[in-house]
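Asker: According to the numbering used here, the sequence shown is numbered sequentially starting from 11.
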Amino acid sequence: MHMRDLSYLFQNNRTWAGRIRQQDPDFFRKLSRQQSPGYLWIGCSDSRVPANEIVGLLPGELFVHRNVANLVVHTDLNCLSVMQFAVDVLNVRHIIVCGHYGCSGVKAALEGERLGICDYWLRHVQDVRVKHHAKLFGLKKESDRYDRLCELNVIEQVVNVCQTMIVRDAWRRGQEVVVHGWIYGLDDGLLRDLKVTVADPNDMAKACEAAVGALG
Ligand code: CO
Numbered sequence: 011m012h013m014r015d016l017s018y019l020f021q022n023n024r025t026w027a028g029r030i031r032q033q034d035p036d037f038f039r040k041l042s043r044q045q046s047p048g049y050l051w052i053g054c055s056d057s058r059v060p061a062n063e064i065v066g067l068l069p070g071e072l073f074v075h076r077n078v079a080n081l082v083v084h085t086d087l088n089c090l091s092v093m094q095f096a097v098d099v100l101n102v103r104h105i106i107v108c109g110h111y112g113c114s115g116v117k118a119a120l121e122g123e124r125l126g127i128c129d130y131w132l133r134h135v136q137d138v139r140v141k142h143h144a145k146l147f148g149l150k151k152e153s154d155r156y157d158r159l160c161e162l163n164v165i166e167q168v169v170n171v172c173q174t175m176i177v178r179d180a181w182r183r184g185q186e187v188v189v190h191g192w193i194y195g196l197d198d199g200l201l202r203d204l205k206v207t208v209a210d211p212n213d214m215a216k217a218c219e220a221a222v223g224a225l226g
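#1: Have a look at residue 209 and residue 22 and give me their C-alpha separation to the nearest angstrom.
#2: Within 8 Å: the Cβ of residue 56 and any heavy atom of the ligand CO?
#3: What does the alpha-carbon distance come out to for the pair residue 207 and residue 154?
#4: Per DSSP, residue 189 is paired with what?
#5: Inspect the CB distances between the region 145-163 and the region 67-74 and report whether three or more fall short of 8 Å.
#6: What is the rounded straight-line gap between the Cα of residue 139 and the Cα of residue 120?
#7: Ends of the beta strand (DSSP E) at residue 75?
#8: Between residue 146 and chain D, is the shortest Cβ-Cβ distance under 9 Å, so that the two count as touching?
Structure below.
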C-alpha cells in the first residue's frame, strides 16, 4: 500500500455508516437537520480517550472539545467558543471535564520536562502542581503523585468552567447547567466520578474543597 493511500479509512467509514443505517435508515438524514446534544465533553486529545465510545453515545449526543491535558484556560478562545456555543445555543445540560490517568501532558508538567511549544500550554498544569504542592509531595510514591495530579487537574478545570462568564451568566438567568469532573482509567476503560459536581455558583468552593479532601 502506498504511504499516501488512506483508502482503508474510507472503507472503514463506509462500513460504519452502513452499520448505523442498518439500524436506523433515517439516522443521518434526521441528524443532518439539527443537533441537540445533552452534554459538552471537555477531554484530553489522547487517542486512547475517545469521548463518544467511552460513554456509549452516538453522533448528535455529545458536543466535544479536546486539547492536551483537558485544560480550560480563561484566555483560550477556542475552548471558550465551544463552551459558549454549547451553553447558549445548544442548551446543553451537563458539562463534563474528563481527565485520564497516564496523561503525558500531566506527566511533563509534573516532571518539568521540556517538550517544546507545548510547555507554554502545560504551564497551566504546573500551576495546579504548585497550588497543591503540599498535598502532592506528601505522597511518597511517584506514581501516586502522578495519579493525584491528574485528578487535581480535573478538579481545577471544573473550577475554571464554573468561573467563566458563560456558565455564571447561564446560572444567573436560571438556566440549568451542571458541571462534572471525571477521570478515566486507560488500563481498565472505566470512568470514575471525582464528585466535584457543581450546579450552582454557591456550591463551587465547597464541592471543590470536598473533592480535593476526598483524594486523601
Ligand atoms: Co492526556
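Cβ coordinates follow ideal geometry from the N, Cα and C atoms, glycine included.
Treat the numbers as computed from the prediction; the structure is a model and nothing was measured.
Answerer: Looking at the coordinates:
#1: Note on geometry: alpha-carbon atoms of residue 209 and residue 22 lie some 40 Å from one another.
#2: It does: the Cβ of residue 56 is within 8 Å (strictly closer) of some heavy atom of the ligand CO.
#3: So the alpha carbons of these two residues sit roughly 24 Å apart.
#4: DSSP lists 105 and 208 as the bridge partner or partners of residue 189.
#5: Contact between the region 145-163 and the region 67-74 is absent: fewer than three C-beta pairs spanning the two stretches fall below 8 Å.
#6: Cα-Cα distance, rounded: 7 Å.
#7: Counted as a single uninterrupted DSSP element, the beta strand (DSSP E) harbouring residue 75 occupies residues 72-77.
#8: Looking at the structure shown, chain D is missing, and only one protein chain is on hand.
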